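In my numbering, the protein residues as written are 30 to 266. Glycine is no exception: its CB is placed at the ideal position from the N, C-alpha and C atoms. These numbers were taken from a predicted model, which means no experiment stands behind them.
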């Protein structure tokens, strides 16, 4: 790790420690370190010169600093913070511009155009292809709730995650496709299976409520017998 990357790491740690609201349970220094780790994982398996690797590492560290200013426009704010910090460190304009372009590539609805953009984009979304995906996802759900952005029910959050993994996200680098895609597919399969179980459970609860209301004047034993008799008949159909 270069001295500049080390300085940047310290800068980001202090910035988040002093200026990031505690409600950011997902977009915080822990997430930044995960992105840096995933970035290094890709860089260790790709041919690239040291300068480009440094640019990617700087981008990974600085890409979410804008959350300390404005959640909605955090990419733009991150670029401003990155440019200001790197200028203070006497970094050349070409490097600063490259870092800014990489940070812009982390915008989820954009298409990364360069190999540097594809690397940072894959690293930023690497949790989709990791075993800790559900843990990270839960931190994001709670963050959205704490910041009064949206409160998702368990079913809604399952639907949202299934939609993102199946329709909205893709890996771009060969490394991510070869090493993270299979775990992403397993994570998606688990979500779908959980959704099916939840759907079945809700249907059973609805049936119980329906027949409890219909046969409320019967004895408890007879009511239970009626419920299971009807449920069995529906199952056979």
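Exercise for review: Quick one: residues in its chain with C-beta nearer than 7 Å to the C-beta of residue 171, no 5 flanking neighbours on either side, listed in chain order?
Suggested key: 54
Practice item. Tell me whether the beta-carbon of residue 113 lies closer than 8 Å to the beta-carbon of residue 95. Key: no
Review point. So, residue 131 versus residue 110, is the Cβ gap smaller than 8 Å?
Key: no
Practice item. For the alpha helix (DSSP H) containing residue 146, list its first residue and its last residue. Key: 144-153
Check your understanding: With distances taken between CB atoms, is the gap from residue 19 to residue 83 smaller than 8 Å?
Key -> No statement about residue 19 is possible, as the shown extent of the chain runs from 30 to 266 and does not include it.
Review point. Rounded to a whole number of angstroms, what is the C-alpha to C-alpha distance between residue 115 and residue 74?
Key: 27 Å
**Study point:** Straight-line Cα distance separating residue 147 from residue 79
**Key:** 17 Å
Review point. Grouping DSSP H, G and I as helix and E and B as strand, with all else coil, what is residue 141?
Key: coil
Point to revise | Residue from 45, 39, 198 whose Cα sits closest to the Cα of residue 136 | key: 198
Review point. Going by other Cβ atoms of all chains shown within 10 Å of its Cβ, with 16 needed for buried, is residue 97 buried or exposed?
Key: buried
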